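Counting from 1, one number per residue, gives the positions in the sequence shown under the numbering used here.
Notes follow once the structure below has been shown.
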Amino acid sequence: MSYATQADMVTAFGEAELISVTTPEGAEQVAIDPSQVTMALNVASDEMDSYLRRRYAVPVAATSPVLTRYCCVLARWVLWGKSNTSPSEALRADRKDAIAWLSAVNNGSVTLDGAVPLNVGTDFSQVATRPPAFRGICP
C-alpha cells in the first residue's frame, strides 16, 4: 500500500516536473509515465515502513497529510535518482527533512495520530500461584 498517489505527486510538484523525470532521455515529453510514478511511490512507502514498523503496524491505515507529503518527497527523490539530472539542493533538503521526521517517529519522539501502535512493552505483570512456604510466628 502506498501512502500517496500520482494525483498527490502532481499536486505537490506539478505535472511538468513529473513528465520530465518519468520520460526517458531523448524521448518526447508528452505525458507522465504512471508505471514510473507507481514504482517510486512503492519504493518510498517501503522506505517509510522500515522506519514506522518499529512503533506501528504497517502499512499504517490512517494515512495523514504528513505521511502523504513525505511519501511524495521520497518518491520524487527516487524519480530524480533515475533521471540523468542531479537533484537540486532543495530536493536534498526535503529528503533530509523527511528522513529526520521518520527517524523521530522511529525513536518515539513523534507519534502518529490514528495509527495502531505495536504492543512492544517490556513490563509484565507477575502473579504468585503458590502460597508462601513459611506461615509460622517468629519469636
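Here a beta-carbon is modelled for each residue, glycine too, at the ideal position from N, C-alpha and C.
These numbers come from a predicted model, not from an experiment.
I'd like the span of the alpha helix (DSSP H) that includes residue i, first residue to last.
i   : result
T38 : P34 to L52
G14 : Unbroken run through G14: none, as it is neither H nor E.
L74 : P65 to K82
E89 : E89 to N107
Would you mind giving the Cβ-Cβ distance between residue i and residue j, rounded to the nearest angstrom? I have them listed as a contact below 8 Å.
i   : j    : result
S83 : V21  : 5 Å
Y3  : T85  : With 8 Å as the limit, Y3 and T85 do not qualify as a contact, their Cβ atoms being about 25 Å apart.
Y70 : A98  : 4 Å
L91 : W101 : With a Cβ gap of about 16 Å, L91 and W101 do not count as contacting.
D49 : P65  : That belief does not hold up - the Cβ atoms of D49 and P65 are roughly 18 Å apart, past 8 Å.
P34 : Q6   : 6 Å
Apart from the five residues just before and just after residue i, which ones in its own chain have a Cβ nearer than 8 Å to its Cβ?
i   : result
E15 : I32
V43 : L74, A75 and V78
Would you list the residues sitting across from residue i in a DSSP beta bridge?
i    : result
P24  : Answer by DSSP bridge pairing: none, since P24 is not bridged.
P117 : Y56
With a threshold of 7 Å on Cβ separation, who are the neighbours of residue i within its own chain once the five nearest residues in sequence on each side are excluded?
i   : result
T68 : Y3, A4 and D8
Y51 : L102, S103, V105 and N106
L18 : M9, V10, I32 and V37
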